[in-house]
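All residue numbers in the sequence shown are consecutive under the working numbering, ending with 1565.
Have a look at the structure below before the remarks.
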Amino acid sequence: MPVRPRETVSMFTRDGIQLDADVYRPQGEGSYPVLLMRQPYGRAIASTVVYAHPRWYAAQGYIVVIQDVRGRGTSKGSFYPFRHEVEDGFDAVNWAAALPGSNGVVGMYGFSYQGMTQLYAASTRPSALKAICPAMLPYDLYADAAYPGGAFAFYNNLSWALQLETEGARLRGDANAYQALLKAARNLPLYDPIPLKPGVLQQYAPQSYYFDWLEHSEPDEYWRKLSPRLEVVDLPMLHIAGWFDSYLSGSLRLYKEMSARSQNPQYLIIGPWIHLPWGRKVGALDFGPEAVSPIDRLQVRWFDQFLKGKDTGILQEPPVRLFEMGSNRWRGFDAWPTPEPKAFYLHSTGLAALSEAEGSLRPEPSPTQQSDTFVHDPWRPVPALGGHLVQPAGPQERSALDCRTDVLTYTTPPLQAELVLVGDIAVEVYAEADSPSFDLCAVLSVVRPDGQVYNFSQGYCRLRDPQPGTPILIPCQPTCIRIPCGHALRLSLSAACFPAYPVNTGTGMREERLIEARILTITLHSGGETSSRLHLPMA
1027 MPVRPRETVS MFTRDGIQLD ADVYRPQGEG SYPVLLMRQP YGRAIASTVV YAHPRWYAAQ
1087 GYIVVIQDVR GRGTSKGSFY PFRHEVEDGF DAVNWAAALP GSNGVVGMYG FSYQGMTQLY
1147 AASTRPSALK AICPAMLPYD LYADAAYPGG AFAFYNNLSW ALQLETEGAR LRGDANAYQA
1207 LLKAARNLPL YDPIPLKPGV LQQYAPQSYY FDWLEHSEPD EYWRKLSPRL EVVDLPMLHI
1267 AGWFDSYLSG SLRLYKEMSA RSQNPQYLII GPWIHLPWGR KVGALDFGPE AVSPIDRLQV
1327 RWFDQFLKGK DTGILQEPPV RLFEMGSNRW RGFDAWPTPE PKAFYLHSTG LAALSEAEGS
1387 LRPEPSPTQQ SDTFVHDPWR PVPALGGHLV QPAGPQERSA LDCRTDVLTY TTPPLQAELV
1447 LVGDIAVEVY AEADSPSFDL CAVLSVVRPD GQVYNFSQGY CRLRDPQPGT PILIPCQPTC
1507 IRIPCGHALR LSLSAACFPA YPVNTGTGMR EERLIEARIL TITLHSGGET SSRLHLPMA
């Protein structure tokens, strides 16, 4: 249906702060449900990096409201990520429900920060809010955004802080700060004396939330107060995620929590996508026409079902829809798959760091202990390549990286039958180092017959004074993948993934300085009583 010209309207929060929004209305007479998005990046963008423009949604029979959160865009007040979104979200939902032409029913959509604003608003249980579509979000801000695996997500967090602070400088008209922060955002300052505290942020944004995130390096009260609390919330939710998204753990954490207790439908869809965009070409691979985002039409069906009361047929479809990489098709499930994990054990000649032929993955453990020793040099840390926490993200060809002598590789023989993995993955290893602290990065890849290697899952952990002989568990990104006959599965282990995570200096100190970084010697054990293994969700 035709859509009226965009109009800009304002509301006032309970403490008198003006929040501005763009409103898109259908041309026709009558009343309509409202779709609300609350975001911090300038409302004209309206998350069109992944979604259809708000005019398209309005043409489907909705009043669409795209609002600048407090202190962003043209909204007044001071911005601190997530801090004001509970009260402001509640006020915004009630205001949107009372707009002229509204029928009093509200739904919310959006990804990343815009996904989180849905949860904060929902936590207050405004009566007008009937359904939401949270996408790609860090539900637990500590574990899913700031410190996944106990290590600071350096690249993501620094990039985001510089983006927010650059825009903050522009909004307050500080040209010097804007230029300095913009330059840093386009060429990340990764090598300052204290890498996690770049001088440009200390000089031009000393009050940034970023320094609070650094200060609270453990899951303390700060994070408990900042993360959304949904214990008493029960709404229909369409959960949207991507296999290579940086916040896949958060989306799944939310889905699993809600599906375990909710009386309302909880649907989950996971595509092969990175954080943005959501298309068929992800990283270095083309996942085919079925990987083109179906999300816009799916969201309209969801909202038609729960805001308009239409029978769209969506409730007769499987509630879990996963894109299977390899076959490049969608598969439906009645619930999140939880197959009994199958162990693949690490075997080695002791030279798994020197040649891909020296380490193997087998379904049975070795009766005798074997060890692989490698050296982590902070001067040349193993670089991040693809995955979910750096750009360019997604699957990348990493055969050259696996040839490094500070990367251990363990590979199955060419598969005699196709291997289907659906669900959660974990790596369990026995390792030790000559320092109080060290990191371990695990990457799972498919090895093609021509020798090309493409990653599909990754995990990371930071260890401080680990007890010798105690297994180390590295949770990895869940997956849904079909590996063909003749291909092989590989596990690569290293002590760095820079700059996705900062280089571990090995000192065990909270504030790590580059000048203090040590060369680390790390030994990984397999076989016997120290049977390091890979836990796979074989379907």
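Cβ coordinates follow ideal geometry from the N, Cα and C atoms, glycine included.
- In terms of Cβ geometry, N1481 and P1421 form a close pair [threshold 8 Å].
- L1190 and G1385 have their alpha carbons spaced roughly 44 Å apart.
- As summarised for the segment 1033-1098, the continuous beta strand (DSSP E) elements at least 3 residues long and confined to that stretch are 1033-1038, 1044-1050, 1058-1065, 1089-1094, given in chain order.
- With 16 or more neighbouring CB atoms inside 10 Å of its own CB, G1141 falls in the buried class.
- Your pair E1390 and Y1371 checks out as a contact, with CB atoms roughly 6 Å apart and the cut at 8 Å.
- Pairwise C-beta distances place the segment 1090-1101 out of contact with the segment 1156-1170, as fewer than three of them are shorter than 8 Å.
- In chain order, Q1396, S1397, D1398 place their CB closer than 7 Å to the CB of G1376, counting only its own chain and leaving out the 5 sequence neighbours on each side.
- By DSSP's assignment, T1549 forms a beta bridge with T1399, E1458.
- Pairing Y1456 with G1413 gives a Cβ-Cβ distance that is not under 8 Å.
- For L1489, the closest alpha carbon among the candidates I1043, G1176, L1207, G1133 is that of G1176.
- Counting of Cβ neighbours within 10 angstroms places R1198 among the exposed residues, the total staying below 16.
- Here S1552 is actually not in contact with E1454; their C-beta atoms are around 11 Å apart, not less than 8 Å.
- Each residue's CA atom was taken as its position, placing Q1503 and Q1053 some 45 Å apart.
- Here A1443 is exposed, its C-beta having fewer than 16 other C-beta atoms within 10 Å.
- Annotation note: the segment 1101-1168 contains the following uninterrupted alpha helix (DSSP H) runs of length 4 or greater, listed N- to C-terminal: 1111-1123, 1139-1149.
- For K1368, the pairing in a beta bridge is given by DSSP as L1562.
- Residue environment: R1040 is assigned as exposed (fewer than 16 neighbouring CB atoms within 10 Å of its CB, all protein chains considered).
- T1150 is positioned such that its CB atom lies no closer than 8 Å to that of G1103.
- Secondary structure note for W1356: it is in no alpha helix (DSSP H), and the uninterrupted beta strand (DSSP E) holding it is 1355-1359.
- For the options R1508, F1464, P1501, the alpha carbon positioned closest to that of P1492 is the one of F1464.
- Take the alpha-carbon of D1450 and the one of P1160: they are about 21 Å apart.
- Counting of Cβ neighbours within 10 angstroms places K1251 among the exposed residues, the total staying below 16.
- Beta-bridge partners assigned by DSSP to R1347: I1295, G1358.
- Short of 6 Å from the beta carbon of V1131, and not among the five residues preceding or following it, lie these beta carbons of its own chain, in chain order: P1059, K1156, L1333.
- Taking 8 Å as the cut-off, the Cβ atoms of D1271 and W1249 do not count as close.
- Annotation: the continuous alpha helix (DSSP H) that includes D1238 extends over 1235-1241.
- Segment contact: the segment 1236-1249 against the segment 1196-1211, fewer than three CB-CB distances shorter than 8 Å; contact not assigned.
- Per the coordinates, the alpha-carbon of R1212 lies some 14 Å from the alpha-carbon of P1418.
- In the DSSP assignment, S1463 falls within the unbroken beta strand (DSSP E) covering 1463-1473.
- As for any beta strand (DSSP E) of minimum length 3 sitting wholly inside the segment 1166-1237, there is none.
- Spatial neighbours of P1510 in its own chain (CB-CB distance under 8 Å, excluding positions within 5 residues in sequence) are listed in chain order as G1352, L1441, E1444.
- Taking C-beta atoms as the reference points, G1297 and W1304 count as a pair closer than 8 Å.
- Residue range 1514-1520 is occupied by the beta strand (DSSP E) that includes A1514.
- Assignment of beta-bridge partners to Y1486 by DSSP yields C1467.
- With the rule of 3 Cβ pairs closer than 8 Å, the segment 1178-1192 counts as touching the segment 1523-1533.
- Spatial neighbours of F1038 in its own chain (CB-CB distance under 7 Å, excluding positions within 5 residues in sequence) are listed in chain order as Q1044.
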